[in-house]
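Before any comments, here is the structure.
Numbering (the numbering used here), first residue to last: 1 to 193.
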């Protein structure tokens, strides 16, 4: 039987990096977060939009769509890929190995009790919350595996990074402790670039 990963190979977790500007330069780097458990489902939608739709989107989003189009890099302006990760498990029960010490800290509340609330709060603050300096949510760079479509003209296609902004974040809290703390949640995240 062939192993899904060669012996001694560490599993790569999806990394989401946030930037203040659409240039994705290190000088505008804000921070990053890793998914505690990789998604079990991944969808890519390639959408073609008319220039009229793009103009409407740009004017209604205070230029955010225009900046996102600039961040796309080598893709034509009317082709906007959307990526959706479903069934992303966030678990503070201890049933799953969390890896780094930072992962463990983000899965505890201020009283050191297991809770997914701090992790989800940190994720939401980084990728979804409105930032005055960005006139919206932060610009994001996804890094993971070999399946992400690279849309950064400054890197070769083998880089497997996807420059984007968040389009939706759905949270389903599915398990609670006796104290009522959320100890398991399932996320769905959608991004367009």
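Glycine included, every Cβ here is placed at the ideal spot set by N, Cα and C.
Residue closest to residue i, alpha-carbon to alpha-carbon, out of the options
i: residue 136; options: 142, 144 and 125; result: 125
i: residue 192; options: 173, 39, 151 and 160; result: 151
i: residue 22; options: 119, 138 and 80; result: 138
i: residue 182; options: 127, 35, 12 and 113; result: 113
i: residue 80; options: 163, 25, 29 and 186; result: 163
i: residue 93; options: 83, 109 and 140; result: 109
i: residue 186; options: 161, 35, 30 and 31; result: 35
Inter-residue CB distance, residue i and residue j (contact presumed, cutoff 8 Å)
i: residue 91; j: residue 184; result: 5 Å
i: residue 190; j: residue 174; result: Wrong, their Cβ atoms sit about 20 Å apart, outside the cutoff.
i: residue 33; j: residue 123; result: 6 Å
i: residue 171; j: residue 120; result: 6 Å
i: residue 16; j: residue 89; result: With a Cβ gap of about 16 Å, residue 16 and residue 89 do not count as contacting.
i: residue 134; j: residue 20; result: 6 Å
i: residue 86; j: residue 188; result: 5 Å
i: residue 140; j: residue 165; result: 6 Å
Residue i burial status per 10 Å Cβ neighbour count (16 or more: buried)
i: residue 147; result: exposed
i: residue 18; result: buried
i: residue 14; result: buried
i: residue 144; result: buried
i: residue 40; result: exposed
i: residue 115; result: buried
i: residue 47; result: exposed
i: residue 176; result: exposed
i: residue 130; result: exposed
Minimum Cβ-Cβ distance from residue i to chain C less than 8 Å
i: residue 109; result: Of the protein chains in this structure there is only one, and it is not chain C.
N- and C-terminal bounds of the alpha helix (DSSP H) containing residue i
i: residue 119; result: 117-127
Span of the beta strand (DSSP E), counted from its first residue to its last, around residue i
i: residue 96; result: Note, residue 96: premise wrong, no beta strand (DSSP E); not H, not E.
i: residue 146; result: No beta strand (DSSP E) contains residue 146, which DSSP labels as neither H nor E.
i: residue 31; result: 29-34
i: residue 196; result: Lying before the first or after the last residue shown, residue 196 is absent from the chain, which here runs from 1 to 193.
i: residue 44; result: 41-48
i: residue 192; result: 182-192
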